[in-house]
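Asker: Residue 573 is where the sequence shown ends in this note's numbering, and the numbering goes up by one at each step. What follows is a single structure, and I will ask about it in a moment.
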Amino acid sequence: MVSIFRRKTLHAAAALSAAALALPKAVAQSYPDKTVKIIVPYGTGTVSDWTARFFAKALNAAWGAPVVVENMTGAGGVLGTQAIAKAVPDGYTLGVLASNHSMNAALYRNLSYDPVASFSPIIHTSFNQFAFCVNASLPVSTLGEFIALAKAKPGEINFGSSGNGGSPHMAVEMLAYMAGIKLMHIPYRSNGAAVVDLVSGQVSLMSTSISALLPHIKSGRIEALSVSGDTRSPLLPEVPTAAEAGVAGYNLKNWNGIVGPANLPAAIVSKVQNQVAAILREKSTAEQFAAQGVEIEVMNSEGFGRRIQTEADYWRRVAAASGVKVE
């Protein structure tokens, strides 16, 4: 009798285990069966916004399910990032994050989320460089000349950015720290507004994505002094890197990647990761990314998670050394 009961118990346990193993697979097979939302914690016109809209269109075509983008700006990306972290981990709320996600861990004292533990990294997709540009009326034509002018006028030369704590802001703060100069920061509510004031001469310097600045560089209304990465950009092959221009060791690339909230089922992480990786392998994708000055760089969820952690640690050291913080 005991033996029969034990056999029935074992059979039931085995059936439950099989059902538990089959559940994630079934969820992944049916996913998505309703609208997927991609939150972008940054404004329209940014590379992250462009990236999210590119993947929304491509994933919609691949899955046959609606994929929409919602820009949720504020506090240097913190508000939108917080919304991703607090979402239900069912795969129907994803996010596109950029480098300033790691920066914010160093800049904000009381974040309601952990930059690593509160998220499920899915796939690192790409990176882009920034250009350091000045209004054409400023009497400089090289980064070295700009640094010399800034040293002669400490705290008098201003620069604009898309907001406190964003990657464009921190790119200039990092440059100022490494070059030993002091600049006055003017934060704007959007990247586009800052670019408009750079072109009109209301601000003297700005650093943001090359694609956002390129039309104005070509028009001659602003001048590119350097790019932010460790190699020259195909979009601006004649413009030196900051290191080439005299700021030894400077290297900043703005990455982008797709995440979900913590505890996202592994089967859904895998499905999204594999689909996005397939999209990134297409020739047309490479062409569209290149036109935006964006370079494809794929990392799986584990590698992406390590990058977020490594860069968060790095920016904590930079913030401590430079004294930069956002209240």
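Every residue, glycine too, gets a C-beta built ideally from N, C-alpha and C.
With distances taken between CB atoms, is the gap from L421 to A565 smaller than 8 Å?
Answerer: Taking 8 Å as the Cβ cut-off, L421 and A565 do not qualify as a contacting pair.
Asker: What are the uninterrupted segments assigned as beta strand (DSSP E) that are 3 or more residues long and contained completely in the segment 288 to 328, given in chain order?
Answerer: Taking only runs of at least 3 residues, the beta strand (DSSP E) segments lying wholly in the segment 288 to 328 are 313 to 317.
Asker: Got a sec, what are the start and stop residues for the beta strand (DSSP E) L460 sits in?
Answerer: L460 -> not in any beta strand (DSSP E); alpha helix (DSSP H) instead, spanning 456 to 465.
Asker: Note the first and the last residue of the continuous beta strand (DSSP E) segment covering I285.
Answerer: Looking at the DSSP string, the run of the beta strand (DSSP E) that includes I285 is 282 to 286.
Asker: I'd like to check one pair, A298 with V342: are the Cβ atoms closer than 8 Å?
Answerer: A contact, by the Cβ cut-off of 8 Å.
Asker: Can you say whether I368 is buried or exposed, counting buried as having 16 or more other CB atoms within 10 angstroms of its CB?
Answerer: It counts as buried.
Asker: Keeping to the same chain, check which residues put their C-beta closer than 6 Å to that of P414; ignore five residues upstream and five downstream.
Answerer: For P414, where only same-chain residues beyond five positions count, the Cβ hits under 6 Å are S407, S408, S453, T454.
Asker: Inspect the beta-carbon positions of I284 and P507 and report whether they are closer than 8 Å.
Answerer: Taking 8 Å as the Cβ cut-off, I284 and P507 do not qualify as a contacting pair.
Asker: In whole angstroms, what is the alpha-carbon distance linking V570 and I427?
Answerer: The straight-line gap from Cα to Cα measures roughly 14 Å.
Asker: Does the Cβ of V324 have 16 or more other Cβ atoms within 10 Å, making it buried, or fewer, making it exposed?
Answerer: V324 should be labelled buried.
Asker: Would DSSP call T388 helix, strand or coil?
Answerer: Three-state result, T388: coil.
Asker: Tell me which same chain residues have a C-beta within less than 6 Å of the C-beta of A308, skipping the five on either side of it?
Answerer: Counting only Cβ-Cβ distances below 6 Å, and skipping sequence neighbours, we find Q521.
Asker: Spell out the partners DSSP gives L451 in its beta bridges.
Answerer: In DSSP, L451 forms a bridge with V380, F405.
Asker: With a CB to CB cut of under 7 Å and the five nearest residues on each side skipped, what residues in its chain are close to S568?
Answerer: Answer for S568: E419, Y423, listed in chain order.
Asker: Drop a sphere of 10 angstroms on the beta-carbon of P287, count the other beta-carbons inside from all chains shown, and report buried for 16 or more, exposed for fewer.
Answerer: So P287 counts as buried.
Asker: Does the distance from the CB of V380 to the CB of E484 come in under 8 Å?
Answerer: No. Outside cutoff.
Asker: Just to confirm, is the Cβ distance from S472 to F378 under 8 Å?
Answerer: Yes, Cβ-Cβ distance for S472 and F378 is below 8 Å.
Asker: What does the Cβ neighbour count give for P385, buried or exposed, with the cut at 16 atoms within 10 Å?
Answerer: Exposed.
Asker: Identify whether R252 lies in helix, strand or coil by the three-state DSSP scheme.
Answerer: With a pLDDT of 46 at R252, under the threshold of 50, the modelled position of that residue is not reliable, and the figure given next carries that caveat. R252: helix per DSSP, three-state reduction.
Asker: How is A268 classed by DSSP in three states: helix, strand or coil?
Answerer: With a pLDDT of only 47 at A268, under the threshold of 50, the placement of this residue in the model should not be trusted; the figure read from the coordinates follows. Reduced to three states, the DSSP call for A268 is helix.
Asker: Does Y434 pass the burial test, meaning 16 or more other C-beta atoms within 10 Å, or should it be called exposed?
Answerer: The residue is buried, with at least 16 neighbouring Cβ atoms inside 10 Å.
Asker: Answer with buried or exposed for L269, where buried requires no fewer than 16 other C-beta atoms within 10 angstroms of its C-beta.
Answerer: The predicted position of L269 is uncertain, since its pLDDT is 46 and thus under 50; no value can be drawn from it.
Asker: DSSP three-state call for V342: helix, strand or coil?
Answerer: It is a strand residue.
Asker: Does the segment 274 to 283 come into contact with the segment 299 to 318, if we say contact requires no fewer than three beta-carbon pairs (one atom in each stretch) closer than 8 Å?
Answerer: Yes, since at least three Cβ pairs between the segment 274 to 283 and the segment 299 to 318 fall closer than 8 Å, the two stretches touch.
Asker: For the putative contact between G466 and A382, defined by C-beta atoms under 8 Å, what is the C-beta separation to the nearest angstrom?
Answerer: At roughly 6 Å, the Cβ-Cβ gap stays under 8 Å, so G466 and A382 are in contact.
Asker: Would E541 and H370 qualify as a contact pair, given that the criterion is a beta-carbon distance under 8 Å?
Answerer: Contact flag unset, no.
Asker: With a CB to CB cut of under 8 Å and the five nearest residues on each side skipped, what residues in its chain are close to L429?
Answerer: Hits under 8 Å: A396, G401, I403, N404, F405, V418, A422, L451.
Asker: Within a Cβ cutoff of 6 Å, which residues of the same chain sit near Y496, ignoring the five residues on either side of it in sequence?
Answerer: Within the same chain, Y496 has close Cβ partners M424, A488, A489.
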